[in-house]
Structures are given as structure tokens and as C-alpha cells.
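From first to last, the protein sequence lines stand for chains H and W. Going by this note's numbering, the first residue of the first sequence is number 63, and it counts up by one from there. Going by this note's numbering, the first residue of the second sequence is number 37, and it counts up by one from there. Where a beta carbon is used, it is the ideal one built from N, C-alpha and C, also for glycine. In what follows, a single structure is set out as C-alpha cells and then discussed.
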Amino acid sequence: MSGANPYKVSIGLETHVQLKTRSKIWCACPNTFGSDPNTDVCPICLGYPGSMPVLNAEAVKLTVMAGLLLGCRINHYSKFDRKSYFYPDMPKNYQISQYDQPLCTGGSVPIEVDGKPKVIRIHRIHLEEDVAKNNHFETASGVDFNRAGTPLMEIVSEPDIASADEAFAFLQALKQMLVYGGITDGNLEQGNIRCDINCSVRPDTQTTLGTKTEIKNMNTFKGVHRSLTYEIKRQIEVCEQGGKIMQETRRWDDARGVTTAMRSKEYAHDYRYFPEPDLMPVVLDDAQIDEWRTALPEMPQARRTRFITDFGLPAYDADVLVADKPIADFFEATLAAGASPKAASNWVMTELLRMLGEQEWSVSEARITPTMLADILRLLDEGKINNPAAKTIFSVCFTEGGDPRAIMEARGLAQVSDEGALDRWVQAAITANPKSVADYQAGKKAALQFLMGQVMRASQGKANPPKVMQALKAQLDG
Amino acid sequence: MDVRDVAHLARMHITAEEATLFQSQLEHILDHVRDLGELDLDGVEPTAHAVAVQNVFRVDEARPGLPHAQVMANAPQARNGLFMVPRILE
Ligand SMILES: [Zn+2]
């Protein structure tokens, strides 16, 4: 936003993050995605009366590790509370959450927008249970409880975010840190990260925050950006026309690109929190917190620095590689399998990223492994194949997998460096193209490239290009 | 405290007679709690639990849920494996 804007924008995000555990938060049902409806459920996550929740230790650990990553204060005493509301996604009529004593308090997420760094403060992080998923049909709704009881961490930001761009950058940065930390898979398509937006505007001269509206249940970062762009403009227009912003919940209509007020509910915020009697408090000592602190994996910034200093990569390469953890992991595994850093970096940044982009695949979906890439680079390095052949083998490995050497042999992609064969192709090209030979000898260097092309074609791309060049020059210059 | 508000929060239907009766009964209970508020509790740590037990954890191991047929056994209406409920309005 330009400095001339007479309105200040304050946005706070409540980001819900599904934790990467094997089982659910209160029961042993699998924490997975994509099973048939209501198959990963039991009396506890179905909310049956009399069933007793028992806290998953890993959910506590991951939430505390997230807190450590974001520089939060880890509270030594933390407890769970019941948040009452009525909705078919929660048949016990309350969600177990944390009200006044969450696991983590404070913290921050550094972001950068248009080259300008900024810090978005975190208010708190608490642990709660995810709820069931509703499917809406023409005349009825259908409920699937597989998602109910998934460990869910809610990260509440301070209203420090001042634009749609900053909100987008915040979510990107947060996701990158949490995925790096192994806290979540961070898969937006599977609903691993969802957020509620609080947004208000106020005249530049006003110190207190304006009335806020809430946009609930956003599940894409692009949606957050688009809905905020709309909502900020809407609120400013209301103010400009002398109107009043109503404190209300609005829904983002992605197809129409607008937010609309939801039917306001009486008592909507009367959650009547009270302590959960079935769960005991969590008490953490410094030794435990320190143990988890030492277990924290490397963060993107540190990894970037290491790629530059240890592997001698240019800053640009390091940025591209660390942006996505699985890509950075693939790159490092390729080095471990024997490849040189710069060659591996080039191939990951160009071929691998290009083909993943074309297929809209994640690295895990591609069949190529770091070992295969290292083998291809070794064949290239030893002069067994040339660059086009390496690309062909890469592409086969990418879609089908396989042993690069076997692919080379099966497809006849081995480079020909044998001088007898090269000489025969070179001689044939010279005999067939007297004009090009004359042009070259008259000083037109481009003619040499043409002859080179003829030899490569005759060899079906298998001739060793530097050797061909050598042989051609020897014949023509000699 | 209006007992009709409380009934609404709990999604309970009560008659006018019940409202009058419960209003006075609930007020008695609230008065009793108010009496507790008169006690001098300086130096007493607030607690959410009556027993001093903490850190009751479960190891993160998954095992299969209930058989699907058993899960749906009590569903008044089911379709495609889902519990069917009246259409949810937002
Ligand atoms: Zn369960």
C-alpha cells in the first residue's frame, strides 16, 4: 500500500495446522487423509458419551517444537478446556481446546514483502482437536468423522499484518518453517493448513483499531489474498461513504470473488469455556523443553547459509533449493550419492523443477531418486553419454524410474568417442557438403556448426560433440 | 441470569412454568456459589482439577478404528458411508 493511503489496515490470522502424528489426539485411530468416510473412527472421536480422551504425547511435542521454532515462550503449566457450541461436526457439543493456559505464548514470524523485512508477532499457540467434515447436498448434509480428533494447533497472530501481500507472505513463511520442522505435512489440498481472518481498517489518524470482520475457513493462501484484497476495499468504501462497519462473520465466495455477511447467530460467541475434567494438565520442565529444542531440525535460513559455504553454491541456487524442503532434501541426497554440488544443483533447478511443474507433481510423486540422478551425472562426467542423452535418461527415470546405465544401453544412448566411427561420419559430412566446406575455408565460422550438426545427425545424436569438433577442424584446417 | 437464555444455549425447550421454577432453583445454586466467593482465598492456588495428577499421555501409535458397519449401526440415516443430518445452514 502506498504511503498516501489515508487508511491503516490491521489483519490478524488464526491459522489452524494439522499435526503430523500417526494417531489422533485423544484416541489411537489413524491420523490419515483420504480413507473411506467414517472408517478411521471410534467411540472417542465420534464423541460418544462416556468415552474418555487420553492425550497423544507426540501432539504436545510437535506443538512445543512449533513454539520453539517461532520463538514462543513455552508455558510450564498448560491445561485443556471445553468450548461449547452446537454443530453436527461436533456431536459432544463441545470442542476440547485450550482457553486461558495454552502451551505457547508470544513469538514471531519474520516476513519479507517487496524486499522489506517485517516481523509479525504471534499471540499464542494452543492445541485442540479438529472436527468432522460436513458434506452439503441438495436437501441434507452428510458427516464424515475421519477428520474429527486430528491434532490441530491454532496459531493466533497479533493484528500486525497490514496488507493482503503481508498476509500471503506470513502464511508462506509459517508453512515453510512448520514443514521444515516436521510439524505438519503442510498439504493445503488435504486441508492441513486452514485459517480464519480478522480484518479491520481505520483512518490513519485514529490510534484504536477499527471494528473487525471475520472471514472463516479459508483453505488456500491465494484465497486469503483475494478475499483480503476485496474485504479491505469494501471496508474502506463503507468508511468513505460515512457508513459503519458491522462486527460480523463473512463468507468468502471464491467463484464471485466477494465476501458476504453470514446469517448472524445470537450467542455466537458464548462458548462458555470451562476446564476439561477428563484431561489432566500438562506440566513441562526445562529439561524436557531443552531436549526438544536440541531435536529441532535445521531451518531454511541456516540451510541456505550451509549450501553457500559448504557446497560453494551461488546464493540464487541456494534460495531456489531451500524454498521447498523436499527439493532441498533431494538435492542433498544426490550429493550423498556422489554427485558434485554444482552439477546436482543445475539438474535439480532446471530439469527436475521444470518436469515437476509440467506434471504438477511433488517430488515424492516422481519416480526418479537422488541415486538415479547421481548415476546420470556420473555417466555424463565419465563421457559415457552426452547432454541430450542425459536429458532423455533423466526423463525416463522421472516418469518410469530405472537404472540409468541400463536405460542408456537399452536405448543405445551411449556416446560414441571411437575415432574410427567419428572419422567416417566426419568424412561423409565433408564429402556431402562441399559448399559448407568452401564457406568455412573462406572464413565463415558458422559453416562449421552446420557440418557439426550433420555429423550429430548421422550419429543419431550419439557422437561425442567435442571430439567431433576436433576431428572436423583437423580435417578442414589441416 | 435468565434461565431462558441458558435453556437456549443448551438448545432446550422449556415451558413458561418450568422457566419460573428453574429460575428460582438456579438462583439458589448461584447464591450458594456466591457464598463461596466470600471466602478468603488469598494464597490458595486456583486449580482446574481436584486430584494432583498431571501429564497423562498416550504413546503415538495408531490402530484401526471400529468396523464401519458398527460405526453406522446407530445412525438414523446414512448414505455413502456418511451420517445424514438435516441440511446445515451457514
Ligand atoms: Zn478414534
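Please report the residue range of the beta strand (DSSP E) in which Y69/H lies. For Y69/H, the enclosing beta strand (DSSP E) covers residues Y69 to Q80.
Whose C-alpha, out of G305/H, L290/H and K535/H, is nearest the C-alpha of R312/H? Per the C-alpha coordinates, the member of G305/H, L290/H and K535/H positioned closest to R312/H is L290/H.
Could you tell me whether the Cβ of T167/H comes closer than 9 angstroms to any Cβ of chain W? No, T167/H does not count as interfacial toward chain W.
When the Cα atoms are used, what is the spatial distance from M152/H to A194/H? For M152/H and A194/H, the distance between alpha carbons rounds to 7 angstroms.
Let me know if T66/W comes out buried or exposed under the rule of 16 or more other beta-carbons within 10 Å of its beta-carbon. Before going further, note that residue 66/W is Leu rather than Thr in the sequence given. With fewer than 16 Cβ atoms within 10 Å of its Cβ, L66/W is classed as exposed.
Would you report the Cα separation of F119/W and S203/H, rounded to the nearest angstrom? One C-alpha to the other measures close to 8 angstroms.
Among M48/W, H64/W and V89/W, nearest to M342/H - alpha-carbon criterion: Nearest to M342/H by alpha-carbon distance, out of M48/W, H64/W and V89/W, is V89/W.
Rounded C-alpha distance that separates T270/H from S424/H: So the two alpha carbons sit approximately 45 angstroms from each other.
How about M324/H and T273/H: do their beta carbons lie closer than 9 angstroms? No, these two residues do not count as a Cβ contact at 9 angstroms.
Residues in the segment 89-110 of chain W with C-beta within 8 angstroms of chain H's C-beta atoms, listed in sequence order? Those residues of the segment 89-110 of chain W that come within reach of chain H (Cβ to Cβ, closer than 8 angstroms) are V89, Q90, N91, V92, F93, R94, V95, D96, E97, A98, R99, P100, G101, L102, H104, V107 and M108.
Nearest CA to the CA of P362/H: which residue from A500/H, E190/H and Q238/H? Ranking A500/H, E190/H and Q238/H by Cα distance to P362/H puts Q238/H first.
Can you tell me whether G101/W sits near ligand 1, meaning its C-beta is under 8 angstroms from at least one heavy atom of the ligand? True, at least one ligand heavy atom lies under 8 angstroms from that Cβ.
Mind checking P115/H: buried by the 16 CB within 10 Å criterion, or exposed? Taking every protein chain shown into account, the CB of P115/H has 16 or more other CB atoms within 10 angstroms, so this residue is buried.
Run down chain H in chain order and give the residues with a C-beta less than 8 angstroms from the C-beta of F58/W. Correct list: empty, because the minimum Cβ distance to chain H is about 17 angstroms.
Can you confirm whether A55/W, when its beta carbon is compared against all beta carbons of chain H, has any partner nearer than 9 angstroms? For A55/W, no Cβ of chain H is located within less than 9 angstroms of the residue's own Cβ.
Who are W314/H's beta bridge partners in DSSP? Per the DSSP secondary-structure output, W314/H pairs in a beta bridge with T321/H.
Closer than 8 angstroms: is that where the CB of D102/H sits relative to any heavy atom of ligand 1? Checking every heavy atom of ligand 1 against the Cβ of D102/H, one is found closer than 8 angstroms.
Chain W residues whose Cβ lies nearer than 7 angstroms to that of A119/H: Per Cβ cutoff of 7 angstroms: F93, R94, V95 and D96.
Nearest neighbour of V382/H, chosen from P359/H, W409/H and S402/H [CA to CA]: Looking at the Cα atoms, W409/H is the closest of the given residues.
So, at 6 angstroms on beta carbons, what are the nonlocal neighbours of G65/H in its own chain, with the 5 sequence-adjacent residues on each side left out? Residue confidence is low: G65/H scores 47 on pLDDT, short of 50, so the model does not pin down where it sits. Its coordinate-derived value is still stated next. No residues qualify anywhere along the chain.
Measure from the alpha carbon of N197/H to the alpha carbon of each residue in D391/H, R440/H, N100/H and V488/H, then state which is nearest. With distances taken between CA atoms, N197/H lies nearest to N100/H out of D391/H, R440/H, N100/H and V488/H.
Range covered by the alpha helix (DSSP H) that runs through R144/H: R144/H -> not in any alpha helix (DSSP H); beta strand (DSSP E) instead, spanning D143 to S146.
In whole angstroms, what separates the C-alpha of E302/H from that of A224/H? When rounded, the distance between both Cα atoms is 19 angstroms.
Compare the Cα-Cα distances from P339/H to each of I158/H, V286/H, K180/H and L132/H and report the closest residue. Among I158/H, V286/H, K180/H and L132/H, the Cα nearest to that of P339/H is on I158/H.
Is there a Cβ from chain W that is less than 9 angstroms from the Cβ of H198/H? At least one chain W Cβ lies under 9 angstroms of H198/H.
On the premise that I184/H lies in contact with S219/H, defined as a C-beta separation below 8 angstroms, what is that separation, rounded to the nearest angstrom? Their Cβ separation, rounded to whole angstroms, is 6 angstroms, which keeps S219/H and I184/H in contact under 8 angstroms.
Less than 9 angstroms between the beta carbons of I217/H and T77/H, yes or no? Judged by their CB atoms, I217/H and T77/H are nearer to each other than the 9 angstroms cut-off.
Would you mind stating whether R467/H and D437/H have Cβ atoms separated by less than 9 angstroms? Taking C-beta atoms as the reference points, R467/H and D437/H count as a pair closer than 9 angstroms.
Quick one: Cα of G211/H to Cα of A90/H, how far? A straight-line Cα-Cα distance of about 10 angstroms links G211/H and A90/H.
Cα-Cα separation between G463/H and L435/H, rounded to whole angstroms: Roughly 10 angstroms separates the two Cα atoms.
C-beta atoms of A428/H and T461/H nearer than 9 angstroms: Taking 9 angstroms as the Cβ cut-off, A428/H and T461/H qualify as a contacting pair.
May I have the straight-line CA-CA distance separating Q489/H from N495/H, to the nearest angstrom? Cα to Cα, Q489/H sits roughly 10 angstroms from N495/H.
Same chain, Cβ closer than 7 angstroms to F207/H, neighbours up to 5 away in sequence not counted: Its chain contains N100, V103, C107, L108 and A194 as the residues whose beta carbon lies nearer than 7 angstroms to that of F207/H, once the 5 sequence neighbours on both sides are disregarded; these appear in chain order.
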